[in-house]
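**Student:** First, the structure itself, so that you have it in front of you.
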Ligand SMILES: [Zn+2]
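Residue numbers (the numbering used here): 106 to 300.
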């Protein structure tokens with residue numbers, strides 16, 4: 106939503122890696138082993154994907170989704186790509202994260218996520234953004250979600266501290282419906298709400 110609002114390309118390293126995995130590339134096969142267990146990708150893999158994308162699409166503004174997840178990734182982003190202008194952290198309790206991921210539908214084409222209850226969609230529905238067939242992610246199981254939360258505490262909280270210290274961090278309560286959360290982000294970024 107933010108990328109569309111700002112008319113910027115969105116990069117999801119997770120989606121890029123799942124794409125590689127489907128094409129069966131060596132990078133993809135490596136990545137798959139990580140997503141299946143809920144572990145984060147190693148920094149070198151995530152960094153390589155990002156560099157590949159930046160080289161192909163130019164480096165003139167982007168919205169990064171789910172990256173950087175670790176401090177080394179953040180430092181690479183800052184040093185190599187000029188760093189972010191703002192970092193938006195969506196805050197949600199563990200219980201609500203479990204509830205949402207248990208019914209999450211993902212688009213294999215544009216990497217958008219939807220909820221069964223929140224959006225009234227189901228597996229096989231057409232993606233509202235691009236029309237591809239939505240599906241459940243194999244790795245959205247309670248055990249992998251627990252592992253992701255654990256990795257988040259260990260590796261991603263330092264990233265938030267890093268950007269908080271640089272006054273770039275915008276922390277947003279994500280418990281509200283998507284449109285409400287988005288409107289709140291827009292207001293805080295001084296973007297026009299709606300439109
Ligand atoms: Zn889509």
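Note that CB positions come from ideal geometry on N, CA and C, so glycine has one too.
Give a yes or no on whether the C-beta atoms belonging to residue 117 and residue 249 are separated by under 9 Å.
**Tutor:** Taking 9 Å as the Cβ cut-off, residue 117 and residue 249 do not qualify as a contacting pair.
**Student:** Assuming the contact rule is C-beta atoms closer than 8 Å, residue 154 and residue 121 should be a hit. Round their C-beta distance to whole Å, please.
**Tutor:** Indeed they touch by this definition, with Cβ atoms about 5 Å apart.
**Student:** Between residue 112 and residue 181, what straight-line distance do the alpha-carbon atoms span, to the nearest angstrom?
**Tutor:** Straight-line Cα distance between these residues: approximately 25 Å.
**Student:** Of the choices 144, 207, 251 and 262, whose alpha-carbon is the least far from that of residue 240?
**Tutor:** Minimum Cα distance to residue 240 is reached at 207.
**Student:** Going along the chain, which unbroken runs of the beta strand (DSSP E) with 3 or more residues stay wholly within the region 181-223?
**Tutor:** Runs found: 192-196, 209-211 and 218-220.
**Student:** On the DSSP bridge assignment, give the partners of residue 277 in chain order.
**Tutor:** Residue 277 pairs with 195.
**Student:** Would you say the beta carbon of residue 237 comes nearer than 8 Å to a heavy atom of ligand 1?
**Tutor:** Yes, since a heavy atom of ligand 1 falls inside the 8 Å radius drawn around the Cβ of residue 237.
**Student:** With distances taken from CA atoms, which of 221, 204, 191 and 137 is nearest residue 294?
**Tutor:** The option with the nearest alpha carbon to residue 294 is 191.
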